[in-house]
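Working notes, structure below.
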Amino acid sequence: MRRKIVAGNWKMNTTLKEGLELAKAVKENAESGLPDGVSVIVAPPFTHLTGIKDVLPSSIGLSAQNCATDESGAFTGEVSAKMIASTGAQYVIIGHSERRLYFRETDDELNKKVNMALSNNLTPIFCCGENLEEREKGIYTEVVKKQIELGLSGIDKDDFKKIIIAYEPVWAIGTGKTASPEQAQEMHGYIRNLLAEMYDAEAADKVSILYGGSCKPSNAAEIFANEDVDGGLIGGASLNAADFLAIARSF
Ligand code: PGA
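Numbering (the numbering used here), first residue to last: 4 to 254.
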């Protein structure tokens, strides 16, 4: 059985104090139980990682939202995968569409980040997804194929097994518009087949593929019910512990 995962991407939200309160609320809410086999991860801003690590029980994962392409050196303002790992975080989101769009992150840079994460024992949560124009033109599978092939270029099968994929159609992120269960399944199935071609069927069958984009308690169950959807990367709704955990309980 594949691992089911609900990860909360807090983006650039919460002060340190607010973030610690939110982490405590997530911990307390999670104590009343989660469905079997469901893992919860929170991805706060860099500044909160160390403090939140102390608040969270070991059953809740901790993730950064980005990492640098290099390990150390004269890169003012950057945070390396090695630094993230030193906080006790276990995951890092790589290639979120906001990083691709606003910070012009290229496929080549994202490939370096995936390698950096893996070499520092962090699990990459690798994001892909088409924008509205690409969806409307009907070229969304090609777009996602290219993002995955280039982002995971040179990653061998053993390392691939450590990766989590997040499919996030850009037109559904923060817009209140969700992919329909059929649209989500179509893309998740497509991605799993692509990964089976790149690696093999067994490896592809084991990788968790999360859906992201306006996922909330009211729509999570119908999205998660799809065969190839193994959970969600949650933005807005992860800023409320009750909503976030309600999503995790939608399996
Ligand atoms: P959203 O964001 O849930 O607010 O749409 C999802 C994401 O960007 O990861």
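Where is the CB? At the ideal position from N, CA and C, for every residue including glycine.
{"Item": "Bridge partner(s) assigned by DSSP for P127", "Value": "V95"}
{"Item": "Inter-stretch contact (C-beta, 8 Å, three-pair minimum) for the stretch 81–90 and the stretch 128–140", "Value": "no"}
{"Item": "G11: CB within 6 Å of a non-hydrogen atom of the ligand PGA", "Value": "no"}
{"Item": "Rounded separation between A244 and E31 - CA only", "Value": "9 Å"}
{"Item": "Counted within 10 angstroms of its Cβ, other Cβ atoms place R5 as buried (16 or more) or exposed", "Value": "exposed"}
{"Item": "Cβ distance (whole Å) where I128 is taken to contact S217 below 8 Å", "Value": "Actually they are not in contact, since the Cβ atoms of I128 and S217 sit about 18 Å apart, beyond 8 Å."}
{"Item": "Proximity to K145 [Cα-Cα], best of H99, L197, R102", "Value": "Per the sequence shown, residue 145 should be read as Glu rather than Lys. Considering only alpha carbons, the answer is L197."}
{"Item": "Minimum length 4: unbroken alpha helix (DSSP H) runs contained in the stretch 9–45", "Value": "19–33"}
{"Item": "DSSP-derived helix/strand/coil call for S241", "Value": "helix"}
{"Item": "Extent of the continuous alpha helix (DSSP H) to which G54 belongs", "Value": "52–58"}
{"Item": "Where G98 falls, given that 16 or more other Cβ within 10 Å makes a residue buried", "Value": "buried"}
{"Item": "Neighbourhood of L113 by C-beta distance below 7 Å, restricted to the same chain and skipping five residues each side", "Value": "I97, G98, G154"}
{"Item": "Three-way DSSP call (helix, strand, coil) for S89 in this model", "Value": "helix"}
{"Item": "Inter-residue Cα distance where the pair is E171 and A28", "Value": "26 Å"}
{"Item": "Alpha-carbon spacing of G238 relative to E205, whole angstroms", "Value": "30 Å"}
{"Item": "Cβ-Cβ distance between L184 and E230 below 7 Å", "Value": "In the sequence as presented, Leu is not what sits at residue 184; that position holds Pro. Result no, Cβ atoms of P184 and E230 do not sit closer than 7 Å."}
{"Item": "Cβ-heavy atom distance, L236 to the ligand PGA, below 6 Å", "Value": "yes"}
{"Item": "Every unbroken beta strand (DSSP E) within the stretch 114–183, with a cutoff of 3 residues, ordered by chain", "Value": "126–131, 167–170"}
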